[in-house]
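Novice: Mind having a look at this structure? Questions to follow.
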Amino acid sequence: MSFWGIEVKPGKPFTHNFDNQRGRLHISQATLSIGSSTQKSVVQCNVGDKSPVLLCALLPDKNESCPLDLEFEEEEEVIFSVIGPRSVHLTGYYIPIVGCGHDDDSDSYGE
Amino acid sequence: MSFWGIEVKPGKPFTHNFDNQRGRLHISQATLSIGSSTQKSVVQCNVGDKSPVLLCALLPDKNESCPLDLEFEEEEEVIFSVIGPRSVHLTGYYIPIVGCGHDDDSDSYGE
Amino acid sequence: MSFWGIEVKPGKPFTHNFDNQRGRLHISQATLSIGSSTQKSVVQCNVGDKSPVLLCALLPDKNESCPLDLEFEEEEEVIFSVIGPRSVHLTGYYIPIVGCGHDDDSDSYGE
Amino acid sequence: MSFWGIEVKPGKPFTHNFDNQRGRLHISQATLSIGSSTQKSVVQCNVGDKSPVLLCALLPDKNESCPLDLEFEEEEEVIFSVIGPRSVHLTGYYIPIVGCGHDDDSDSYGE
Amino acid sequence: MSFWGIEVKPGKPFTHNFDNQRGRLHISQATLSIGSSTQKSVVQCNVGDKSPVLLCALLPDKNESCPLDLEFEEEEEVIFSVIGPRSVHLTGYYIPIVGCGHDDDSDSYGE
Numbered sequence: 021m022s023f024w025g026i027e028v029k030p031g032k033p034f035t036h037n038f039d040n041q042r043g044r045l046h047i048s049q050a051t052l053s054i055g056s057s058t059q060k061s062v063v064q065c066n067v068g069d070k071s072p073v074l075l076c077a078l079l080p081d082k083n084e085s086c087p088l089d090l091e092f093e094e095e096e097e098v099i100f101s102v103i104g105p106r107s108v109h110l111t112g113y114y115i116p117i118v119g120c121g122h123d124d125d126s127d128s129y130g131e
Numbered sequence: 021m022s023f024w025g026i027e028v029k030p031g032k033p034f035t036h037n038f039d040n041q042r043g044r045l046h047i048s049q050a051t052l053s054i055g056s057s058t059q060k061s062v063v064q065c066n067v068g069d070k071s072p073v074l075l076c077a078l079l080p081d082k083n084e085s086c087p088l089d090l091e092f093e094e095e096e097e098v099i100f101s102v103i104g105p106r107s108v109h110l111t112g113y114y115i116p117i118v119g120c121g122h123d124d125d126s127d128s129y130g131e
Numbered sequence: 021m022s023f024w025g026i027e028v029k030p031g032k033p034f035t036h037n038f039d040n041q042r043g044r045l046h047i048s049q050a051t052l053s054i055g056s057s058t059q060k061s062v063v064q065c066n067v068g069d070k071s072p073v074l075l076c077a078l079l080p081d082k083n084e085s086c087p088l089d090l091e092f093e094e095e096e097e098v099i100f101s102v103i104g105p106r107s108v109h110l111t112g113y114y115i116p117i118v119g120c121g122h123d124d125d126s127d128s129y130g131e
Numbered sequence: 021m022s023f024w025g026i027e028v029k030p031g032k033p034f035t036h037n038f039d040n041q042r043g044r045l046h047i048s049q050a051t052l053s054i055g056s057s058t059q060k061s062v063v064q065c066n067v068g069d070k071s072p073v074l075l076c077a078l079l080p081d082k083n084e085s086c087p088l089d090l091e092f093e094e095e096e097e098v099i100f101s102v103i104g105p106r107s108v109h110l111t112g113y114y115i116p117i118v119g120c121g122h123d124d125d126s127d128s129y130g131e
Numbered sequence: 021m022s023f024w025g026i027e028v029k030p031g032k033p034f035t036h037n038f039d040n041q042r043g044r045l046h047i048s049q050a051t052l053s054i055g056s057s058t059q060k061s062v063v064q065c066n067v068g069d070k071s072p073v074l075l076c077a078l079l080p081d082k083n084e085s086c087p088l089d090l091e092f093e094e095e096e097e098v099i100f101s102v103i104g105p106r107s108v109h110l111t112g113y114y115i116p117i118v119g120c121g122h123d124d125d126s127d128s129y130g131e
């Protein structure tokens, strides 16, 4: 259960809350949804009360996918929103915890 | 035996099942197959009964390859499908397990 | 608290100082702000008294986002500036310290 | 001695064999050679007797470089070939072995 | 002191020599300098007496930045040169050494 994927629709921001069980989230990719509008869609991120920042801009028929490489492990709310007409799919994964003396996948023992 | 590569054809979804021997799968890249259609092909991913998400959009003669950086270690089925006329090649690798006191490649001892 | 994001405006360079508590900074992405100018914006970086270098060039309506993969852990000041009409959003994260016998997130114990 | 780079010419596939001394190969990038043809060049990979897969498509005057992020540690032969008129340069590096109590570069001691 | 950045000018190759103190170099990005020529600039790399390979091709007004993800830890000289009219900025960082029982940044103790 490492994969993570959501669709962020225009006007419907998505709130990500840190989950201690799942850990640090790595967002890998943004992809424009299928649609007819040719205007760009931009993904914005708000963390707590900091200034919002733009994560990527997707251009229909030119660049409809964008690699991201972002990581989130915030105590505050992280809100993703879309500025533009088409929704954006964000995909990534939860990062496995690497350590000594214990594996990140405890199910692998005793099998 | 780390490399992983498949071709996903339109109308023929590919199902990936977690293999405990091979471990966590990292998908690195999507590339459009050779063909004449100029319509885009989009790769969709379904994990268990979650909402499907789009992983990338490939545009003939503009962006025919797309980096992905996704990781899968799901107990549920992961289904990749293509929306569009041309099939898509997905490539990546199984991630070696890094730990202490034992190497990920036990064959390297005693050689 | 791993996410990092700033907006660098033309004529207003941003200075990053190393913070021992937060550690090594990974910058992942540059994205052009929303605006009407069609001229490109280039991100420049000055570290101490070394020659300035260009990190990326963003082209309106062509490539408005650019992956970066840069890391900073400098004792000297690091100054990011924009050459061009539109401001640029830089996003990334602080890299967790990986070690033995102690976790990078000490808050995760005792919860 | 970590860098790895080859040129794959049309009609002259390149065979990569696993080398126990050098370890796991990471291929980072494909770049089109200098030439006049405007037709695309596609890189294909054959591992043992598995179905060939496409790694990337390079488009003259549009996208002449493509990031790859692939890793190979195969007992079987890995054959890279080019479909198209211009040769392709593949670059990457051998991945250092990370472990406990011994460094990946034993030459660094005693110098 | 992890950041690394240089400008490679046409006709003035840059030689990188391995520095035992700084370690393995990761090159992340190539960006075209500001200029008026619309011809492409290609970055070439020569390692010792091996055949030169191309690392990336930068196209003015189309793709002026290119991610690289290359690593160098060579005993031989590594020479970067530019084929084309405009110089290219290469940026990256020195990779911290990860181990057990000792941190990569010993300065962080006792501060």
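Residue numbers (our numbering), protein chains in the order written: chain A, 21 to 131; chain V, 21 to 131; chain B, 21 to 131; chain D, 21 to 131; chain P, 21 to 131.
Using N, Cα and C, we set each Cβ at its ideal position, and we do this for glycine too.
1) Once you ignore the five residues that flank serine 107 of chain A on each side, which residues in its own chain have a CB closer than 7 Å to its CB?
2) Count the other CB atoms, across all protein chains shown, that sit within 10 Å of the CB of lysine 32 of chain B; report buried if there are 16 or more and exposed otherwise.
3) Using Cβ-Cβ distances below 9 Å, what residues of the region 96 to 109 of chain P are close to chain D?
4) So which residues of chain D does glutamate 94 of chain P contact, with C-beta pairs closer than 8 Å?
5) Around the Cβ of asparagine 37 of chain A, are there at least 16 other Cβ atoms within 10 angstroms (buried) or fewer (exposed)?
6) For the pair the region 44 to 59 of chain D and the region 88 to 100 of chain D, tell me if three or more CB-CB distances fall below 8 Å.
7) Just verifying my parser: in three-state terms, what is the DSSP assignment at aspartate 89 of chain D?
8) Which first and last residues belong to the beta strand (DSSP E) in which serine 61 of chain P is found?
9) Roughly how many angstroms separate the alpha carbons of glutamate 104 of chain V and leucine 110 of chain V, rounded to a whole number?
10) I want to see whether chain B comes within less than 8 Å of aspartate 89 of chain A, judged by CB atoms only; does it?
11) Nearest chain D C-beta to asparagine 83 of chain P closer than 8 Å, yes or no?
12) Distance, Cα to Cα, serine 61 of chain A vs glycine 68 of chain B?
13) Closer than 9 Å, Cβ to Cβ, to anything on chain B: give me those residues from the region 27 to 57 of chain P, in chain order.
14) Which one of A:Phe34, A:Asn40, A:Leu45 has the shortest CA to CA distance from glycine 112 of chain A?
15) Below 8 Å between beta carbons: does that hold for serine 101 of chain P and glutamate 94 of chain B?
16) Give the DSSP-derived three-state secondary structure of lysine 32 of chain B in the structure shown.
17) Express the C-alpha separation of lysine 82 of chain B and glycine 55 of chain B in angstroms, rounding to a whole number.
18) Out of D:Trp24, D:Leu74, D:Gln41, D:Ser57, point me to the one whose CA is closest to tryptophan 24 of chain V's CA.
19) Can you check which of these residues, P:Glu97, P:Ile117, P:Ile115, is closest to phenylalanine 34 of chain P by C-alpha distance?
20) Within the 8 Å Cβ cut-off, does serine 71 of chain A reach chain B?
21) Which one or two residues does DSSP pair with isoleucine 117 of chain D in a beta bridge?
22) How many angstroms separate the CA atom of glycine 43 of chain B from the CA atom of phenylalanine 92 of chain B?
23) Please report the straight-line C-alpha distance between leucine 79 of chain P and glutamate 84 of chain B, rounded to a whole angstrom.
24) Consult DSSP for glutamine 41 of chain A and reduce its assignment to one of helix, strand or coil.
25) When we look at the beta-carbon of glutamine 59 of chain A and count the other beta-carbons within 10 Å, is it buried (16 or more) or exposed?
26) Under a Cβ-count criterion, where at least 16 other Cβ atoms within 10 Å of its own Cβ denotes burial, should glutamine 41 of chain D be classed as buried or exposed?
27) Identify the continuous beta strand (DSSP E) that holds leucine 75 of chain B and give its terminal residues.
28) For valine 10 of chain V and isoleucine 115 of chain V, I'd like the C-alpha separation in whole angstroms.
29) Which one of B:Ile99, B:Cys76, B:Ser57 has the shortest CA to CA distance from lysine 70 of chain B?
Specialist: Answer, in terms of the structure:
1) Excluding positions up to five away in sequence, the list reads Glu27, Val28, Lys29, Pro30, Ser53.
2) Per the 10 Å Cβ criterion, exposed.
3) Considering only beta carbons, the part of the region 96 to 109 of chain P lying closer than 9 Å to chain D consists of Glu96, Val98, Ile103, in chain order.
4) Residues of chain D whose Cβ lies closer than 8 Å to the Cβ of glutamate 94 of chain P are, in chain order, Met21, Ser22, Phe23.
5) Burial state of asparagine 37 of chain A is exposed, judged by a 10 Å Cβ sphere holding fewer than 16 other Cβ atoms.
6) Contact between the region 44 to 59 of chain D and the region 88 to 100 of chain D is present, because at least three Cβ pairs lie under 8 Å.
7) For aspartate 89 of chain D, the three-state secondary structure derived from DSSP is strand.
8) 61 to 67 is the extent of the beta strand (DSSP E) around serine 61 of chain P.
9) In the sequence as presented, glutamate is not what sits at residue 104 of chain V; that position holds glycine. If you take the alpha carbons of glycine 104 of chain V and leucine 110 of chain V, they lie about 15 Å apart.
10) Output row for aspartate 89 of chain A: interface = yes.
11) Yes, its Cβ sits closer than 8 Å to a Cβ of chain D.
12) Serine 61 of chain A and glycine 68 of chain B: Cα-Cα distance of roughly 37 Å.
13) The residues in question are Glu27, His46, Ser48, Gln49, Thr51, Leu52, Ser53, Ile54.
14) Closest in alpha carbon position to glycine 112 of chain A, among A:Phe34, A:Asn40, A:Leu45, is A:Leu45.
15) Cβ atoms of serine 101 of chain P and glutamate 94 of chain B: not closer than 8 Å.
16) If DSSP states are grouped into helix, strand and coil, lysine 32 of chain B belongs with the strands.
17) Glycine 55 of chain B and lysine 82 of chain B have their alpha carbons spaced roughly 14 Å apart.
18) If we check each option's Cα against that of tryptophan 24 of chain V, D:Leu74 comes out closest.
19) Measuring from the Cα of phenylalanine 34 of chain P, the nearest candidate turns out to be P:Glu97.
20) It does; some Cβ of chain B falls within 8 Å.
21) Per the DSSP secondary-structure output, isoleucine 117 of chain D pairs with nothing in a beta bridge.
22) Between the alpha carbons of glycine 43 of chain B and phenylalanine 92 of chain B lies a distance of about 9 Å.
23) If I take the Cα positions, the gap works out to 15 Å.
24) Coil.
25) Looking at its Cβ environment, which holds fewer than 16 other Cβ atoms inside 10 Å, glutamine 59 of chain A is exposed.
26) For glutamine 41 of chain D, the number of other beta carbons within 10 angstroms of its own is below 16, and it is reported as exposed.
27) Its beta strand (DSSP E) spans residues 73 to 78.
28) Shown here, chain V extends from 21 to 131; a query on residue 10 of chain V therefore has no answer.
29) Measuring C-alpha to C-alpha distances from lysine 70 of chain B to each of B:Ile99, B:Cys76, B:Ser57 identifies B:Ile99 as the nearest.
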